[in-house]
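In order, the protein sequence lines correspond to chains A and B.
Numbered continuously in the working numbering, the first sequence closes out at residue 193.
Numbered continuously in the working numbering, the second sequence closes out at residue 193.
Number of protein chains: 2
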Amino acid sequence: MDTVAPTGARARTRRAILDAAVSVLSKNPAASLADIAVAAGVGRTTIHRYFPERTDLLTAIGVYLLERIETATVRARLEEGAADAALERVCQEYFELGDVLQFAFENPQMQEWTDWETETEADKALERLIRRGHAEGTIDPALPPSWVAETMWALLYAAWQHTRTRQEPKHSALNLCLHTLRKTIRTG
Amino acid sequence: MDTVAPTGARARTRRAILDAAVSVLSKNPAASLADIAVAAGVGRTTIHRYFPERTDLLTAIGVYLLERIETATVRARLEEGAADAALERVCQEYFELGDVLQFAFENPQMQEWTDWETETEADKALERLIRRGHAEGTIDPALPPSWVAETMWALLYAAWQHTRTRQEPKHSALNLCLHTLRKTIRTG
DNA sequence: CTATAATGGAACATAACTGTTCCAGAAAAA
DNA sequence: TTTTTCTGGAACAGTTATGTTCCATTATAG
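In structure tokens form, the structure reads like this:
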């Protein structure tokens, strides 16, 4: 029950709850804890054991998402190769986040639950990358770093949306996304 | 009290409720009717008079939004001039919708409240426009019409977001949006 | 095997929102 | 002014989600 020394079981159920919460809340932001409990295959009481109040769960989701974005960013190894290629790599990594993407977009209040506003490592790394692209000439210097980043997120959302409404396979949506991003950042 | 013959007052308060609802729900999709009533400067009872149940209000918002998008589309006069120029015009019109934009993005459930799925006149006109652009050569034929449309909406969202987080003035965000859209649809 | 940790479920209290009714007062129309 | 329409607020019942407590059961560790 302590927060310290999380045994295997505790860490596992905690994860299960968080994953289920993201999945359920991304489809219906107003879902109840009972809904989440069912999706997690867990008793509602158990959820309260891990997250005393609803807000505790929400803030935990916040840091969980940030972690996942963080690791995805690291995986893309932004410092290697040409900046535009690295940007495409990270775009692909983010695309794989799926649920997380949808959740973050459709729960703007997230920004209040956690320190979403304060710049994360991922944010900074991304900004560095784009500035490097500006210097290299592989990314249009007319586009501010923050705008490039926001555009990428927006295109990711559009791509995900595209797989949803149209029945299109994920890879073709991702291709459209990358193709569009490429044209967007191109110089000139 | 009848639905027919809406006197000036009735139409006015109805509008006030709808506007307040869009404004409030766009910031907090889980807001209560009491919150909306306060924002509208109206008693909660009055809301129930106009919209007996919550879902009635939500569906009404749905058609209201569709109407506003519809008129914005008409204003852009999509049939006139070059396709890419017309696309920029309609993008500007949509940008002006503000709240509506944010609301539509952050309430995906809207699609269940109303016939959001079924293609509207605006959707069809937009698709015709893009196909025309394909034929003219002013819009990249490699991009399916639905993707171009979704990209435009995504960029609009990004632009609006950009005015929010950064303090940037609206016009410069719109400029970035249009600039990016232009590059996106460019052939090649 | 035994002891501890972890879980699920029932039961309960509480709070919040929804939807309804009723009535008095304000606003508009006649 | 008189009449009709529209409105706000109070009061209420019903529903739902939340948060808590307790206990029996299962899994895990030692």
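Ideal placement from N, C-alpha and C gives every residue a C-beta, glycine not left out.
**Study point:** Neighbourhood of Leu30 (chain A) by C-beta distance below 8 angstroms, restricted to the same chain and skipping five residues each side
**Key:** By one-based count along the first sequence, residue 30 (chain A) stands at place 25. Excluding sequence neighbours, Leu30 (chain A) sits near Ala36, Ile41, Ile66, Phe108, Asn112.
Review point. Ala120 (chain B) to Leu134 (chain A), Cα distance in whole Å?
Key: Working through the second sequence from its first residue, we reach residue 120 (chain B) at position 115. Working through the first sequence from its first residue, we reach residue 134 (chain A) at position 129. Position check: residue 120 (chain B) holds Asp in this sequence, whereas Ala was assumed. Roughly 43 angstroms separates the two Cα atoms.
Check your understanding: Can you find a CB in chain B that lies within less than 9 angstroms of the CB of Pro113 (chain A)?
Key -> The count along the first sequence starts at 1 and reaches residue 113 (chain A) at position 108. With 9 angstroms as the cut-off, Pro113 (chain A) counts as an interface residue toward chain B.
Exercise for review: Please name the residues in the region 20–48 of chain B whose beta-carbon is closer than 7 angstroms to at least one beta-carbon of chain A, in chain order.
Suggested key: Asn33, Pro34, Ala35
Exercise for review: May I ask you to report which of helix, strand or coil DSSP gives Ile144 (chain A)?
Suggested key: The count along the first sequence starts at 1 and reaches residue 144 (chain A) at position 139. Ile144 (chain A) sits in coil when the DSSP states are folded into three classes, being neither helix nor strand.
Review point. Is Trp118 (chain B) close to chain A, meaning its C-beta is less than 9 angstroms from at least one C-beta of that chain?
Key: The count along the second sequence starts at 1 and reaches residue 118 (chain B) at position 113. False, the Cβ-Cβ gap to chain A never drops below 9 angstroms.
Check your understanding: For a contact meaning CB atoms closer than 7 angstroms, what does Tyr162 (chain A) contact in chain B?
Key -> The residue you call residue 162 (chain A) lines up with position 157 of the first sequence. The contacting residues are Ala159.
Point to revise | Endpoints, the alpha helix (DSSP H) within which Glu93 (chain A) is located | key: Here residue 93 (chain A) refers to the residue found at position 88 when the first sequence is read from its first residue. Residues 88–100.
Review point. How big is the Cα-Cα spacing for Pro150 (chain B) and Gly86 (chain A)?
Key: Counting from 1 along the second sequence, the entry for residue 150 (chain B) is found at position 145. Counting from 1 along the first sequence, the entry for residue 86 (chain A) is found at position 81. C-alpha separation (whole angstroms): 33 angstroms.
Review point. Whose C-beta lies closer than 6 angstroms to the C-beta of Ala45 (chain A) among residues of the same chain, with five residues either side of it excluded?
Key: As a working mapping, residue 45 (chain A) is identified with position 40 in the first sequence. Same-chain partners within the cutoff: Ala21, Ile22, Ala25.
**Study point:** Distance between Ala90 (chain A) and Tyr165 (chain A) (C-alpha atoms, nearest Å)
**Key:** Along the first sequence, read from residue 1 onward, the residue named residue 165 (chain A) stands at position 160. Along the first sequence, read from residue 1 onward, the residue named residue 90 (chain A) stands at position 85. One point to set straight first is that residue 165 (chain A) is Trp, not Tyr, in the sequence displayed. The alpha-carbon atoms of Trp165 (chain A) and Ala90 (chain A) are separated by roughly 21 angstroms.
Practice item. Compare the C-beta of His167 (chain B) with all C-beta atoms of chain A and state if any pair is closer than 9 angstroms. Key: Here residue 167 (chain B) is taken as the residue at index 162 of the second sequence, counted from 1. Judged by the 9 angstroms Cβ criterion, His167 (chain B) is in contact with chain A.
Point to revise | Amino acids of chain A, ordered along the chain, whose beta-carbon sits closer than 8 angstroms to that of Arg191 (chain B) | key: Here residue 191 (chain B) is taken as the residue at index 186 of the second sequence, counted from 1. Near Arg191 (chain B) (Cβ distances below 8 angstroms), the residues of chain A are Lys188.
Check your understanding: Quick one: what's got a C-beta closer than 7 angstroms to Pro34 (chain B)'s C-beta in the same chain, skipping five residues either side?
Key -> Counted from its first residue, the second sequence places residue 34 (chain B) at position 29. Cβ neighbours of Pro34 (chain B) beyond the five flanking positions: Glu111, Asn112.
Point to revise | C-alpha gap between Ala159 (chain B) and Arg54 (chain A), whole angstroms | key: Position 154 of the second sequence, counted from the first residue, corresponds to residue 159 (chain B). Position 49 of the first sequence, counted from the first residue, corresponds to residue 54 (chain A). Roughly 39 angstroms between the two C-alpha positions.
Review point. Since Glu155 (chain A) meets chain B, which of its residues come closer than 7 angstroms, beta carbon to beta carbon?
Key: For the purposes of this step, residue 155 (chain A) is identified with residue 150 of the first sequence, where counting begins at 1. Within 7 angstroms Cβ-Cβ: Ala163, Gln166, His167.
Check your understanding: So, does the CB of Ala147 (chain B) fall closer than 9 angstroms to a CB anywhere in chain A?
Key -> Along the second sequence, one-based indexing puts residue 147 (chain B) at 142. It does: the Cβ of Ala147 (chain B) has a partner Cβ on chain A nearer than 9 angstroms.
**Study point:** Exposure label - Gly13 (chain B); buried when at least 16 CB within 10 Å
**Key:** Taking the second sequence and counting its residues from 1, the one referred to as residue 13 (chain B) is at position 8. Classification of Gly13 (chain B): exposed, given that the 10 Å Cβ count is below 16.
Practice item. Using a Cβ-Cβ cut-off of 9 angstroms, state whether His139 (chain A) counts as contacting chain B. Key: Counting from 1 along the first sequence, the entry for residue 139 (chain A) is found at position 134. No, its Cβ sits nowhere closer than 9 angstroms to a Cβ of chain B.
Check your understanding: By how many angstroms is the C-alpha of Ala130 (chain B) removed from the C-alpha of Val105 (chain B)?
Key -> If you number the second sequence from 1, residue 105 (chain B) lands on position 100. If you number the second sequence from 1, residue 130 (chain B) lands on position 125. Spanning the two alpha carbons is a distance of roughly 20 angstroms.
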